[in-house]
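Residue numbers (this note's numbering): 8 to 260.
No residue lacks a Cβ here, since even glycine has one placed at the ideal position from N, Cα and C.
These numbers were taken from a predicted model, which means no experiment stands behind them.
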Amino acid sequence: MITSGVIRTSSFGWRSTSFLKPLGRWGEGLLSLLFPPRCVLCGGACDGLDPVCPDCAAELPRLEGPRCYVCQEELKDPALDLCPACGTRRREFDVARALGPYRSGWGTLVREFKFEKEPAIARFLIARLAEYVREEEPFGNIDRITYVPMTRADRRARGFNQARILAHGLGRRLGIPVKRLLAKVRQTPAQAELSAAARRKNLRGAFKVVRSGQGTVLIVDDIFTTGATVEECARALKAGGYARVYVLAVARA
Ligand SMILES: [Zn+2]
Ligand SMILES: [Zn+2]
């Protein structure tokens with residue numbers, strides 16, 4: 008049965024079916040006959056509300072191997088605790104983690120969510136993020152959850168901020184207040200082609216705190232690449248009085 012308000016029309020295209028809402032359960036029953044729910048990752052049959060079948064969900068990989076304690080970068084020398092970036096300069100965030108590698112089902116889920124704003128995928132990712140915060144070592148008490156903000160122009164272009172949706176869902180699940188603590192005050196050129204150092208320079212002063220405070224903040228984002236964006240956010244938060252900044256992303260590039 009489809010109760011999520013979405014149907015799959017192809018193996019990689021979920022589509023909102025809000026136009027069928029007035030039909031209620033009849034509409035949903037009809038839809039599940041016409042378009043049986045399909046797993047976003049394998050295209051196989053998928054029952055219930057999850058966009059991912061149980062087999063694919065079980066196979067979503069974690070970040071394996073020796074990793075940097077601060078940022079989870081893969082370590083070439085397993086005798087060390089820190090990667091070269093975290094070993095040579097203090098990162099603005101205290102700990103950054105991701106659910107798994109971007110080159111896996113995690114990346115597919117993030118992309119599908121980003122471009123389709125698929126609520127079933129958001130729910131699935133939020134549940135996994137909540138499990139991570141509850142079960143994994145590095146996060147202590149979290150006082151507030153926030154997200155990487157977009158400029159108004161970006162939001163208009165995309166229609167929504169995917170990090171904000173994940174943050175709000177996570178806060179609801181964990182009973183932790185979610186606040187907009189940051190604003191992106193400067194449009195930044197695309198970063199895909201830039202080195203880590205150039206990314207940091209590109210982002211300097213791009214974020215400012217709109218609500219100062221104390222305690223520990225968790226920043227939620229969809230993808231962690233070099234960490235330059237969340238690091239700039241963490242710098243602004245610390246300037247705004249917050250003592251500790253943790254980062255949790257869905258996928259690590
Ligand atoms: Zn599957
Ligand atoms: Zn590191």
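Heavy atom of ligand 2 within 7 Å of residue i beta-carbon
{"i": "Cys90", "result": "yes"}
{"i": "Cys60", "result": "no"}
{"i": "Glu80", "result": "yes"}
{"i": "Cys93", "result": "yes"}
{"i": "Cys75", "result": "yes"}
Closer than 7 Å: residue i CB and nearest ligand 1 heavy atom
{"i": "Gly72", "result": "no"}
{"i": "Cys63", "result": "yes"}
{"i": "Leu255", "result": "no"}
{"i": "Leu48", "result": "yes"}
{"i": "Gly114", "result": "no"}
{"i": "Gly166", "result": "no"}
Inter-residue CB distance, residue i and residue j (contact presumed, cutoff 8 Å)
{"i": "Ala246", "j": "Val216", "result": "6 Å"}
{"i": "Leu177", "j": "Ile133", "result": "6 Å"}
{"i": "Leu210", "j": "Ala170", "result": "Actually they are not in contact, since the Cβ atoms of Leu210 and Ala170 sit about 15 Å apart, beyond 8 Å."}
{"i": "Leu225", "j": "Ile152", "result": "5 Å"}
Between the CA atoms of residue j and residue i - distance to the nearest angstrom
{"i": "Glu265", "j": "Pro108", "result": "No answer is possible for residue 265: the residues shown for the chain start at 8 and end at 260."}
{"i": "Arg162", "j": "Ala190", "result": "12 Å"}
{"i": "Glu346", "j": "Val102", "result": "Outside the displayed span of the chain (8 to 260) sits residue 346, for which this structure offers no information."}
{"i": "Pro68", "j": "Ser111", "result": "7 Å"}
{"i": "Cys49", "j": "Pro43", "result": "14 Å"}
{"i": "Arg97", "j": "Ala241", "result": "12 Å"}
{"i": "Val117", "j": "Ser219", "result": "30 Å"}
{"i": "Asp88", "j": "Leu244", "result": "26 Å"}
{"i": "Trp262", "j": "Ala258", "result": "Coverage of the chain is limited to positions 8 through 260, which leaves residue 262 absent and any answer about it impossible."}
{"i": "Ala92", "j": "Cys75", "result": "10 Å"}
{"i": "Asp57", "j": "Ala174", "result": "19 Å"}
{"i": "Arg251", "j": "Gly166", "result": "31 Å"}
{"i": "Ala213", "j": "Asp62", "result": "41 Å"}
{"i": "Arg207", "j": "Gln221", "result": "25 Å"}
{"i": "Asp229", "j": "Pro73", "result": "23 Å"}
{"i": "Val7", "j": "Asp84", "result": "Nothing can be reported for residue 7: it is not among the residues displayed for the chain, which extend from 8 to 260."}
{"i": "Cys60", "j": "Ile128", "result": "12 Å"}
{"i": "Leu181", "j": "Pro196", "result": "35 Å"}
Short CB-CB distance (under 8 Å) between residue i and chain D
{"i": "Val185", "result": "Here there is only one protein chain, and chain D is not present."}
Residue i, DSSP secondary structure in three states
{"i": "Arg69", "result": "coil"}
{"i": "Arg104", "result": "strand"}
{"i": "Arg180", "result": "helix"}
{"i": "Leu255", "result": "strand"}
{"i": "Asp88", "result": "coil"}
{"i": "Lys191", "result": "strand"}
{"i": "Lys124", "result": "coil"}
{"i": "Leu225", "result": "strand"}
{"i": "Arg218", "result": "coil"}
beta-carbon residue i near ligand 4 non-hydrogen atom, thresh 7 Å
{"i": "Gly51", "result": "Inclusion of ligand 4 in the displayed structure is not the case, the ligand content consisting of ligand 1 and ligand 2 alone."}
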